[in-house]
Amino acid sequence: MGRKIGKVYGIGNPLIDITATLTSEDLGHLGIYKGTMHLIEKKRRQELLSYIEKKAKQFSCGGSCPNTIITLAALGIETTLAGKVGDDEYGSIYHDCLASAGVKDELAHCEEPTGSSIILITEDSERTMNTYLGANRLFKADDIVPQSIKDADYFHFTGYMWDTPNQKSSILRAIEIAEEGETKISFDIADPFAVGRNRDQFLSLIRDHVDLVFANSEEARYLFDNYDPRECCKSLGKLCETAIVKDGKRGSYICHQGKVIKVPLEGPAKAVDTTGAGDTYAAGFLYGLCRHLSLEASGFCASYLAGEIIQQHGAQFSKERSREIKLFLEKTFGTL
Numbered sequence: 052m053g054r055k056i057g058k059v060y061g062i063g064n065p066l067i068d069i070t071a072t073l074t075s076e077d078l079g080h081l082g083i084y085k086g087t088m089h090l091i092e093k094k095r096r097q098e099l100l101s102y103i104e105k106k107a108k109q110f111s112c113g114g115s116c117p118n119t120i121i122t123l124a125a126l127g128i129e130t131t132l133a134g135k136v137g138d139d140e141y142g143s144i145y146h147d148c149l150a151s152a153g154v155k156d157e158l159a160h161c162e163e164p165t166g167s168s169i170i171l172i173t174e175d176s177e178r179t180m181n182t183y184l185g186a187n188r189l190f191k192a193d194d195i196v197p198q199s200i201k202d203a204d205y206f207h208f209t210g211y212m213w214d215t216p217n218q219k220s221s222i223l224r225a226i227e228i229a230e231e232g233e234t235k236i237s238f239d240i241a242d243p244f245a246v247g248r249n250r251d252q253f254l255s256l257i258r259d260h261v262d263l264v265f266a267n268s269e270e271a272r273y274l275f276d277n278y279d280p281r282e283c284c285k286s287l288g289k290l291c292e293t294a295i296v297k298d299g300k301r302g303s304y305i306c307h308q309g310k311v312i313k314v315p316l317e318g319p320a321k322a323v324d325t326t327g328a329g330d331t332y333a334a335g336f337l338y339g340l341c342r343h344l345s346l347e348a349s350g351f352c353a354s355y356l357a358g359e360i361i362q363q364h365g366a367q368f369s370k371e372r373s374r375e376i377k378l379f380l381e382k383t384f385g386t387l
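All residue numbers for the sequence shown refer to our numbering, where the first residue is 52 and numbers rise by one.
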C-alpha cells in the first residue's frame, strides 16, 4: 500500500486580480515603485482603475497564498483555504473559483468589500501589485477552524499577513494550533517590503516556529544584508528545517540540515509575465513534499512549475494546462 499524499491548509488574502499592461513611464507618472506590492485604500484604487479604464484587462481570482493553494489543488493535492470576503459579487466569484478548483472553502464573510489587486505588468514582464485588502483586514482568529489545521500536513501562509494586526494575530493563533497538531509550518516571505517592515519579527518567527521558508534573493538580502543568495540560504537554513532562496534566471537554492542544493532553472529564461511565479514555485515544492519526493525532486517540481507559469499571462494555469502538468509530473515521479 502506498504512502498517503499530504494535505495543505492555507490562510491568505482572497483577492480579485485585475491585470493590465502599462509602461515603466506610466508607473513613474503614477508614482508607483516597480516590482513590489503596494497597499492602497479605496480612493487610490479608484484612481488606478480610472487610469487603466481603456486598457485591456483580465479578471481572475488571486492572492499569494490562494494562488499556491489553487495550484496544489489542480495537481491533485487536498487543500483548504481560509480567508475573508465580502457579501458582494466579487465574494461570490471567489467562492465559485474555489469550488471549480476543488479547494475546500473556509472563507468567512463580512460587510466590507472583497479585496482586489490591480496588477500592472510592464514591458520587462515585472509585475507591480496595488492591493486593496478590503474584507481581508477583518479576518480574525475566530474565523479559523482548528481541526482543519490539525488535519493538514502543512500550514502555509505569507508575509503579507503581517500587514494588519487582525491577520497577524490570526496567523500566530494558527501557528499554535498547527504546533498542537504537529502540522508543519510553511512560510513564504513573498515581498521585500514586508521584510523591510517586519525584519526582526520574521527572523524570530522563522527561528521559533517555521519548518519550511521561501524567500527570493531580494527578500533574503533584506533579511541578512548579504547579496549572495547561496550564503543567504545557508543563513536561513540555520534558523529552520528547510530554507529556499529563489534567484530568478539563475535558479534557486535549498538548504536542509546545513547542506545546500542548487536547483537549476527549468524552461526558457525569458518571461512573459512573472505574476505568481513565487506562489507557483511554493506550490511545486509543497507538491513534492506532499508526495514524499526528495528535496531535489521537489525542487525540480517547483522550478518546473515556476518556469511554466511565467510563459503565460496570469498567476494560475488553465484546467487543461493543469491536467497536462499533473500527468507529466506523475509520469516523471510515478503515482502513490
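Each residue gets a CB set at the ideal place from its N, CA and C atoms; glycine is no exception.
Leaving aside the five residues that flank Q109 on each side, the residues in its chain whose CB is nearer than 7 Å to its CB run, in chain order, T70, H364, G365. Counting only runs of 3+ residues, the beta strand (DSSP E) found wholly inside the segment 310-363 occupies 310-314, in chain order. In terms of Cβ geometry, N118 and D262 do not form a close pair [threshold 8 Å]. Secondary structure note for T383: it is in no beta strand (DSSP E), and the uninterrupted alpha helix (DSSP H) holding it is 370-384.
Under the three-state reduction of DSSP output, F206 falls in the strand class. When the beta-carbon positions are compared, L316 and G358 come within less than 8 Å of each other.
For the pair V154 and I103, the Cα-to-Cα distance works out to about 32 Å.
Distance from C112 to Y145 at the Cβ level is roughly 5 Å; contact confirmed, criterion being Cβ atoms closer than 8 Å.
As computed with DSSP, C306 is found in a beta bridge with A294, V311.
Look at E129 here: in three-state DSSP terms it is strand. Residue pairing from DSSP places H89 in a beta bridge opposite N181. When C-beta atoms of the segment 70-90 are compared with those of the segment 372-379, fewer than three pairs fall below 8 Å, so the two segments do not count as touching. Ranked by Cα distance from F336, the options Y278, N64, T74, I128 are led by I128. Annotation note: the segment 190-240 contains the following uninterrupted beta strand (DSSP E) runs of length 3 or greater, listed N- to C-terminal: 205-209, 235-239. If the five residues before and after F238 are omitted, its C-beta is found closer than 6 Å to the C-beta atoms of V261, V264, all from its own chain and listed in chain order. A Cβ-Cβ contact shorter than 8 Å links T215 with L184.
In this chain, the beta strand (DSSP E) harbouring Q109 covers 108-113.
Taken through DSSP and simplified to helix, strand or coil, Y278 comes out as coil. S199 counts as buried, since no fewer than 16 other beta carbons sit within 10 angstroms of its beta carbon.
The three-state reading of DSSP puts K155 in strand, counting E and B together. A direct Cα-Cα distance of roughly 21 Å separates K94 from K135. Within its own chain, the residues whose Cβ lies closer than 7 Å to the Cβ of P280, once the five positions on either side in sequence are excluded, are S268, A271, V296, D298, Y304, listed in chain order. A residue is called buried when at least 16 other Cβ atoms come within 10 angstroms of its Cβ; T74 does not meet this threshold and is exposed.
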